[in-house]
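A.B. asks:
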Amino acid sequence: MLEYTSNFLIELGIDSTTAKILAAGFFLVLTILLCIMVDFFVQRFLIKVIAKYIKGNKIKWDNYLLDRKVFEKLSLIVPAIIINLFASAFGVLQKFVEKVSMSFIYVVLIFTICSLLDVANDIYNTYPISKSRPIKGIIQVVKIAVYILIGAVVISTLIDKDPLILLSGIGALTAVTSLVFKDSILGLVAGFQLAGNNLLKIGDWIEMPKYGADGYVIDISLNTIKVQNFDKTIVSIPSYALISDSFKNWRGMQESGGRRIKRAIYIDTSSIKFCTREMLEKFKKIQYITEYIHYKEREIEEYNKINNVNEEILVNGRHLTNIGTFRAYIEFYLKNHPKIHKGLIHMVRQLPPCEHGLPLEIYAFVNDTNWVNYEGVQADIFDHVLAVAGEFDLRIFQSPTGHDIHKIGARLNP
Numbered sequence: 020m021l022e023y024t025s026n027f028l029i030e031l032g033i034d035s036t037t038a039k040i041l042a043a044g045f046f047l048v049l050t051i052l053l054c055i056m057v058d059f060f061v062q063r064f065l066i067k068v069i070a071k072y073i074k075g076n077k078i079k080w081d082n083y084l085l086d087r088k089v090f091e092k093l094s095l096i097v098p099a100i101i102i103n104l105f106a107s108a109f110g111v112l113q114k115f116v117e118k119v120s121m122s123f124i125y126v127v128l129i130f131t132i133c134s135l136l137d138v139a140n141d142i143y144n145t146y147p148i149s150k151s152r153p154i155k156g157i158i159q160v161v162k163i164a165v166y167i168l169i170g171a172v173v174i175s176t177l178i179d180k181d182p183l184i185l186l187s188g189i190g191a192l193t194a195v196t197s198l199v200f201k202d203s204i205l206g207l208v209a210g211f212q213l214a215g216n217n218l219l220k221i222g223d224w225i226e227m228p229k230y231g232a233d234g235y236v237i238d239i240s241l242n243t244i245k246v247q248n249f250d251k252t253i254v255s256i257p258s259y260a261l262i263s264d265s266f267k268n269w270r271g272m273q274e275s276g277g278r279r280i281k282r283a284i285y286i287d288t289s290s291i292k293f294c295t296r297e298m299l300e301k302f303k304k305i306q307y308i309t310e311y312i313h314y315k316e317r318e319i320e321e322y323n324k325i326n327n328v329n330e331e332i333l334v335n336g337r338h339l340t341n342i343g344t345f346r347a348y349i350e351f352y353l354k355n356h357p358k359i360h361k362g363l364i365h366m367v368r369q370l371p372p373c374e375h376g377l378p379l380e381i382y383a384f385v386n387d388t389n390w391v392n393y394e395g396v397q398a399d400i401f402d403h404v405l406a407v408a409g410e411f412d413l414r415i416f417q418s419p420t421g422h423d424i425h426k427i428g429a430r431l432n433p
C-alpha cells in the first residue's frame with residue numbers, strides 16, 4: 020500500500036525520494052487519526068455504555084471491574100492492534116512497528132490480567148471465608164508469574180528469540196532469583212501455614228512486642244502483615260516473622276464472649292482478725308452473705324461441739340475471720356453481677372503475702388469483650404470492692420504518701 024501510494028505521487032511528477040517520504044507521512048498521519056478516532060469512540064461511548072449497564076444491573080461483582088478500571092486498560096490494546104494491522108504500510112519499518120505494537124499489546128495484557136486478579140480478590144473478600152482464608156498473597160504470587168512469563172514474551176518479541184530460551188535462562192539464575200525474591204518465597208510459605216492452620220485472619224487482635232504491634236490486623240499480603248495499633252499507628256510485620264517468632268492472638272477471647280479480669284487488691288495484714296459476735300450480726304444484714312453466715316455458723320458450731328473445743332480461746336477450733344467473710348462476699352457479688360460471664364470460671368483467691376500485704380485477687384470474665392465496656396465493668400467492680408472493705412474492718416494497703424508523713428509529723432510536733 021505504501022508502494023502504491025508512492026508510485027501514484029511519482030506519476031503526479033513528484034520525485035521518488037519525496038514521494039516515499041510523503042507516502043510514509045500520509046500513512047503515519049492516517050494511522051494516528053484512525054487510532055485517535057477509535058480510541059475516542061471506545062473511551063467516550065463504548066466504555067460509558069458498558070459502565071451504565073453494569074451500574075444498572077443487580078449483579079454486584081461486575082462493579083469491581085469498573086473500580087479496577089479493567090475496561091479502560093483493555094481499551095489501550097485497540098490502537099496497538101490498528102497500528103499492527105497497518106504495519107505493512109510502513110515499508111522497511113514494518114518489522115520494527117510490528118515488534119513495538121505487539122510488545123505494547125503484551126504490556127497492556129499484563130496490567131489487564133493483574134487488574135482482573137485484583138477483581139477476583141475483591142469479590143472473594145465479600146465472602147466471610149476471606150477473613151480466615153485471605154488469598155491476597157496467592158494473588159501476588161500469580162502476578163509475579165504473569166510479569167515473568169509475559170515479560171519474557173515481550174523481550175523475545177523485541178529481540179526475535181524464542182521465549183522458552185529466555186525462560187530456561189531464568190532457570191539458570193535460580194540462586195539469584197531466590198535471593199531477590201527471598202521475602203516473597205518466605206512470605207508465600209508463611210501465608211500457607213498461617214491460613215492452613217487458621218493462625219491469623221483479618222480483624223484479629225494480635226500482640227507482637229518485638230515489632231511494636233498491639234492492635235488489629237488490617238491487611239495480609241505476600242510479604243507483610245499490617246497491624247493498626249490502638250493509637251492508630253500502622254505496623255508492618257514480615258509474614259514469615261509470624262511463623263518464626265511467637266505472637267499472641269486474642270481471637271480466642273473474642274470468640275469466647277468473655278474478657279478476663281485478673282487484678283488484686285492488697286489487704287493490710289494488721290487488720291485481719293476473727294469475727295466477733297457483733298460483727299457477725301452486722302454481716303447477717305448484708306444481702307449477699309446472709310445465708311452464708313447462717314450456714315457457716317451452724318457448720319462451725321457443729322464442728323467445735325463434736326471436737327469438744329474450748330471456745331473461750333479463739334485459737335481453739337474454727338472461727339470466721341473478716342478476711343474470709345470478705346472473700347466470700349466478693350464471690351457472691353461476682354456471682355450475682357449481670358456483667359460477669361457465668362459460663363466461664365470466676366473466683367476470688369489469696370496470693371502469697373508480700374511486703375504490700377495480703378493480695379486478694381479477683382479472677383473472672385466480663386461478658387462484654389468491647390474494650391471500653393470491659394474497662395468500665397472492671398472499674399465498677401473494684402470501686403465497690405475497695406469501698407466495702409472497711410465494712411469488714413479491713414484496711415487496704417498503700418505505701419505512705421506525703422499526706423501520711425505530714426500527719427505523723429503533726430502528731431510528733433503538736
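If you count the sequence shown from 1, position 279 lands on 298 in the working numbering, and the numbers rise without skipping. The C-beta atom is built at its ideal place from N, Cα and C for all residues, glycine as well.
In the DSSP output, what is leucine 177 paired with across the bridge?
C.D. replies: Bridge partners of leucine 177: none, in fact.
A.B. asks: Does glycine 231 pass the burial test, meaning 16 or more other C-beta atoms within 10 Å, or should it be called exposed?
C.D. replies: exposed
A.B. asks: Measure the C-alpha to C-alpha separation of isoleucine 174 and valine 165 and round it to an integer number of angstroms.
C.D. replies: 14 Å
A.B. asks: For proline 257, write down the residues that DSSP places opposite it in a beta bridge.
C.D. replies: Thr243
A.B. asks: Which residue from Lys361, Leu299, Ile169 puts its Cα closest to that of histidine 313?
C.D. replies: Leu299
A.B. asks: Using DSSP's beta-bridge definition, name the partner residues of tyrosine 352.
C.D. replies: In the DSSP output, where bridge partners are listed per residue, tyrosine 352 has none listed.
A.B. asks: Can you look up leucine 136 in the DSSP assignment and give me helix, strand or coil?
C.D. replies: helix
A.B. asks: Provide the residue span of the alpha helix (DSSP H) that contains alanine 406, from first to last.
C.D. replies: 390 to 407
A.B. asks: Just verifying my parser: in three-state terms, what is the DSSP assignment at isoleucine 381?
C.D. replies: strand
A.B. asks: Kindly indicate which residue of Ile381, Tyr307, Lys267, Pro228 has the alpha-carbon position closest to the one of valine 12.
C.D. replies: The chain is shown only over 20 to 433; residue 12 falls outside these bounds and no answer can be derived.
A.B. asks: With DSSP as the reference, label valine 367 as helix, strand or coil.
C.D. replies: strand
A.B. asks: Quick one: what does DSSP say isoleucine 284 is sitting in, helix, strand or coil?
C.D. replies: strand
A.B. asks: Which value, in whole angstroms, describes the spacing of the CA atoms of aspartate 287 and lysine 267?
C.D. replies: 36 Å
A.B. asks: Would you call glutamate 350 buried or exposed, if buried means 16 or more other Cβ atoms sit within 10 Å of its Cβ?
C.D. replies: buried
A.B. asks: Going by the CB atoms, is the gap between isoleucine 359 and lysine 386 shorter than 8 Å?
C.D. replies: Looking at the sequence provided, one finds asparagine at residue 386 rather than lysine. Isoleucine 359 sits close to asparagine 386, with the two beta carbons spaced by under 8 Å.
A.B. asks: Quick test of the definition: if touching needs 3 or more C-beta pairs under 8 Å, does the region 204 to 213 touch the region 129 to 142?
C.D. replies: no
A.B. asks: Since I believe lysine 303 is in contact with threonine 340 (beta carbons under 8 Å), could you give me their beta-carbon distance rounded to a whole number of angstroms?
C.D. replies: Rounded, the Cβ-Cβ distance is 16 Å, inconsistent with contact.
A.B. asks: Report the rounded CA-to-CA distance for asparagine 76 versus leucine 213, giving the unit in angstroms.
C.D. replies: 38 Å
A.B. asks: When the Cα atoms are used, what is the spatial distance from isoleucine 55 to phenylalanine 64?
C.D. replies: 13 Å
A.B. asks: Distance, Cα to Cα, histidine 338 vs tryptophan 224?
C.D. replies: 48 Å
A.B. asks: What residue from Lys67, Phe105, Ala106, Leu112 has the CA that sits closest to valine 89's CA?
C.D. replies: Lys67
A.B. asks: Does the Cβ of alanine 398 have 16 or more other Cβ atoms within 10 Å, making it buried, or fewer, making it exposed?
C.D. replies: exposed
A.B. asks: Can you list, in chain order, the residues of its chain with a C-beta nearer than 7 Å to that of tyrosine 307? Leave out the 5 residues immediately preceding and following it.
C.D. replies: Tyr348, Phe351, Tyr352, Asn355
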